[in-house]
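S.K.: In this note's numbering, the protein residues as written are 449 to 749.
Provided herewith is a single structure, encoded as structure tokens, for subsequent inquiry.
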Ligand SMILES: C[S@@+](CC[C@H](N)C(=O)[O-])C[C@H]1O[C@@H](n2cnc3c(N)ncnc32)[C@H](O)[C@@H]1O
């Protein structure tokens, strides 16, 4: 057995290497996010932008451009930019700009919908003596092994945000997610940034961690061969603290006043459309589902 990679290294390779999951797969084929459940998220974000006199929305990690397509439909005069590793989808409205690299300077509303949970981070497990050790993985067999003790910067993060000494407990160290969102905010000269993701706070951390995989709509055993997504919930309070943001639950943000106005059709197909829209609206606010997503909102300028 050669030297094993850490779970973080294997996770990064599985998602982002040249044949990794996000180089080859469209997210919407594997899991559903609020971005592909209709116009309500888009409507709320367009209201947020307009309320702050912003006419540009940048979607970082835009997937197939579903959110920006919906934004274009609800507010066609918005300037829209997708930042995404995947190539531009062929049927995207021409008004949506698409690029791989983040601009050095951003103005407007910057959104990262379910972006941070895919940022690989160190996974640790507490050994029998109460010491957190970096988790290693044999990517062929999936067997996990305890590796070295945690590095100094990670010890600080762990002690502050996810203290744990119970043998067998696990933690996902959110430093790399904090860094990604902080470097995003560093580019925003004027505007708002909203990271939307599943996550936890200091009092609600999952003792066994939350690392998991999805493939074609199903949760599957954590897989490092690039055929499945790998995700772990975000330490929301740590990200918010780093960027000076506030955390709000999606179902509270998307209260009635933010949502698209309800229709009043009298014909059968119009009523059917409205029923479907009402179903999608319930989905993005559902307790125990998409409604539990949290928005980390920060302002600059
Ligand atoms: C979980 S998917 C979410 C897609 C979309 N935001 C949604 O809500 O349906 C994460 C997306 O972020 C993209 N991504 C991850 N890291 C990125 C990076 N550094 N730059 C640009 N896109 C990135 C991936 O290619 C993938 O499409």
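Just so it is clear, CB atoms sit at the ideal spot from N, CA and C, and this is done for glycine as well.
Can you tell me which of the three DSSP states residue 516 falls into?
M.R.: helix
S.K.: I want to know whether the segment 600–607 touches the segment 468–480 - three or more CB-CB distances under 8 Å.
M.R.: no
S.K.: Can you tell me whether residue 534 sits near ligand 1, meaning its C-beta is under 7 Å from at least one heavy atom of the ligand?
M.R.: yes
S.K.: From this set, 673, 650, 730, 674, which residue's C-alpha is nearest residue 750's C-alpha?
M.R.: There is no way to answer for residue 750, as the model of the chain reaches only from 449 to 749.
S.K.: Report the start-end ranges of each alpha helix (DSSP H) in the segment 530–601 that is 4 residues or longer and not cut off at the edges.
M.R.: none
S.K.: Extract the residue ranges of the alpha helix (DSSP H) inside the segment 609–649, only unbroken runs of 4 or more that lie entirely within it.
M.R.: 623–635
S.K.: On the CB-based measure, 16 or more other CB atoms within 10 Å of its CB, does residue 758 come out buried or exposed?
M.R.: Missing from the structure shown is residue 758; the chain here goes from 449 to 749 and no further.
S.K.: Can we count residue 475 as close to ligand 1, meaning its CB is less than 7 Å from some heavy atom?
M.R.: yes
S.K.: On the three-state DSSP scale, how would you describe residue 491?
M.R.: Taken through DSSP and simplified to helix, strand or coil, residue 491 comes out as helix.
S.K.: Alpha helix (DSSP H) containing residue 685: first to last residue?
M.R.: 684–691
S.K.: Where DSSP assigns a beta bridge to residue 476, which residues make up the other side?
M.R.: Answer by DSSP bridge pairing: none, since residue 476 is not bridged.
S.K.: With distances taken between CB atoms, is the gap from residue 662 to residue 643 smaller than 8 Å?
M.R.: In this structure, residue 643 does not lie closer than 8 Å to residue 662 by Cβ.
S.K.: Which word fits residue 494, buried or exposed, when buried means at least 16 other C-beta atoms lie within 10 angstroms of its C-beta?
M.R.: Burial state of residue 494 is buried, judged by a 10 Å Cβ sphere holding 16 or more other Cβ atoms.
S.K.: Report whether the distance from the Cβ of residue 487 to the nearest heavy atom of ligand 1 is below 7 Å.
M.R.: no
S.K.: Examine the Cβ distances between the segment 573–585 and the segment 613–629 and report whether three or more of them are shorter than 8 Å.
M.R.: yes
S.K.: How about residue 561 and residue 515: do their beta carbons lie closer than 8 Å?
M.R.: Contact check for residue 561 against residue 515 passes: the beta carbons are separated by less than 8 Å.
S.K.: Along the chain, where does the alpha helix (DSSP H) containing residue 653 start, and where does it finish?
M.R.: Premise fails: residue 653 is in no alpha helix (DSSP H) and is neither H nor E.
S.K.: Please determine whether the Cβ atom of residue 517 lies at a distance below 7 Å from any heavy atom of ligand 1.
M.R.: no
S.K.: Which term fits residue 475, buried or exposed, when burial requires 16 or more other beta carbons within 10 angstroms of its beta carbon?
M.R.: buried
S.K.: Taking DSSP as the reference, what is the three-state secondary structure of residue 528?
M.R.: strand
S.K.: If I follow the unbroken beta strand (DSSP E) through residue 664, where does it start and stop?
M.R.: Note, residue 664: premise wrong, no beta strand (DSSP E); not H, not E.
S.K.: Here's a check: name, in chain order, each residue in its chain whose Cβ is nearer than 8 Å to the Cβ of residue 606, leaving out the five neighbours to either side.
M.R.: 572, 580, 598, 612, 619, 621
S.K.: If I follow the unbroken beta strand (DSSP E) through residue 695, where does it start and stop?
M.R.: 694–697
S.K.: Is residue 481 near ligand 1 - that is, is its Cβ less than 7 Å away from at least one heavy atom of it?
M.R.: yes
S.K.: Give the straight-line distance between the Cα atoms of residue 740 and residue 734, rounded to the nearest whole angstrom.
M.R.: 7 Å
S.K.: Would you mind reading off the limits of the beta strand (DSSP E) that contains residue 430?
M.R.: Because the chain spans 449 through 749 in this model, residue 430 falls outside it and cannot be assessed.
S.K.: Please name the residue in 653, 670, 625, 652 whose C-alpha comes closest to that of residue 688.
M.R.: When each option's Cα is compared against that of residue 688, the closest is 625.
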